[in-house]
Amino acid sequence: MEFKVVYDRRNPYLDRVEVLLEVRHEGRPTPSRGDIARYIMDRLGYPLDKVLIASIETFTGMNKSEVLIYYYPDGIDWSTIEPVKRGKVIRIGEEESEA
């Protein structure tokens, strides 16, 4: 899998960094949240407890996906920023990566 950062910008209004990744996965399935979490830790250096993988979108027939990541440097207050469902999704991903 090839990862490319399309943009990495700071959003001062929501106190977060928004990162858009392009992932090329020739002959492989859409990358899992675990694959993306490993990339975030290894290459971007963001701690997973402050990261939200907002979406993984695959383009049909292109073997390419776009991943939207939100990094909250001061931590995530799930009750004010993101819906509860998204908070549960990232926590499930953390439990899987720890196991």
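Just so you know, we're using our numbering here: the sequence shown kicks off at 298 and counts up by one.
Heads up, the beta-carbon is just placed ideally off N, CA and C, and yes, glycines get one too.
Host alpha helix (DSSP H) of residue i (start-end)
| i | result |
| --- | --- |
| Tyr-336 | 330 to 336 |
Residue interval of the beta strand (DSSP E) (run including residue i)
| i | result |
| --- | --- |
| Thr-355 | 348 to 356 |
| Asp-305 | 299 to 308 |
| Leu-365 | 361 to 368 |
| Arg-313 | 313 to 321 |
Inter-residue spacing [alpha-carbon to alpha-carbon] between residue i and residue j
| i | j | result |
| --- | --- | --- |
| Gly-331 | Lys-301 | 17 Å |
| Glu-319 | Val-303 | 6 Å |
| Arg-335 | Asp-312 | 23 Å |
| Tyr-367 | Ala-351 | 7 Å |
| His-322 | Val-316 | 19 Å |
| Arg-340 | Pro-309 | 23 Å |
| Gly-342 | Val-364 | 17 Å |
Beta-carbon proximity list for residue i, same chain, < 6 Å, skipping 5 on both sides
| i | result |
| --- | --- |
| Pro-326 | none |
Status (buried if at least 16 other CB within 10 Å, exposed otherwise) for residue i
| i | result |
| --- | --- |
| Ser-362 | buried |
| Pro-328 | buried |
Other residues of its chain near residue i: CB distance less than 7 Å, five sequence neighbours each side excluded
| i | result |
| --- | --- |
| Asp-374 | none |
| Arg-307 | Val-314 |
Neighbourhood of residue i by C-beta distance below 8 Å, restricted to the same chain and skipping five residues each side
| i | result |
| --- | --- |
| Pro-344 | Met-338 |
Residue nearest to residue i in terms of C-alpha spacing, selected from the options
| i | options | result |
| --- | --- | --- |
| Gly-372 | Gly-358, Leu-365, Leu-349 and Ile-353 | Leu-349 |
| Glu-299 | Thr-377, Asn-360 and Tyr-369 | Asn-360 |
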